[in-house]
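K.L.:
My questions all concern the structure below.
Numbering (the numbering used here), first residue to last: 4 to 120.
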């Protein structure tokens, strides 16, 4: 199944520091930092690395899977990913094709194609 999804990201504190430090640099540097972090998350999910995949979510993250209730706690997010990864034939790929960063530098929206089987 191919879908385009939009993932609003509330950046982790360590990521926020990176973004704030980079705020004086060109927008492309901020975008590259986000692309790199996003690629790391995608690689972790694709490798079925549960701990690393979940580590990218902040403590107050909300994951809204299709046709299911929102996962509103870190434990619920972990369970969601645990169930996905355990699914026979599970394959996921994701690549951000568009990144929009708020002028404040503390909020970003990434969108792009996702494949989930």
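Glycine included, C-beta positions come from ideal geometry on N, C-alpha and C. For clarity, every value in this text was computed on a predicted model and none was experimentally measured.
Using the three-state DSSP reduction, which class does residue 74 fall into: helix, strand or coil?
P.N.:
strand
K.L.:
Which residue marks the beginning of the alpha helix (DSSP H) containing residue 104, and which one marks its end?
P.N.:
Premise fails: residue 104 lies in the beta strand (DSSP E), 101 to 104, not in any alpha helix (DSSP H).
K.L.:
Within the continuous alpha helix (DSSP H) that includes residue 58, where are the two ends?
P.N.:
53 to 58
K.L.:
Where residue 37 and residue 47 are concerned, what is the direct C-alpha to C-alpha distance, given to the nearest angstrom?
P.N.:
Roughly 15 angstroms between the two C-alpha positions.
K.L.:
If we cut at 8 angstroms on Cβ distances, does residue 38 have a partner in chain C?
P.N.:
You won't find chain C in this structure, because it holds only one protein chain.
K.L.:
Please identify the residue among 107, 80, 99, 91 whose C-alpha is closest to the C-alpha of residue 61.
P.N.:
Comparing Cα-Cα distances from residue 61 to each of 107, 80, 99, 91, the minimum goes to 80.
K.L.:
I need the straight-line Cα distance from residue 52 to residue 106, nearest angstrom please.
P.N.:
33 angstroms
K.L.:
Residue 99 and residue 115: beta carbons closer than 8 angstroms?
P.N.:
In this structure, residue 115 lies closer than 8 angstroms to residue 99 by Cβ.
K.L.:
Tell whether a beta-carbon distance below 8 angstroms holds between residue 118 and residue 45.
P.N.:
Not in contact: residue 118 and residue 45 (Cβ atoms no closer than 8 angstroms).
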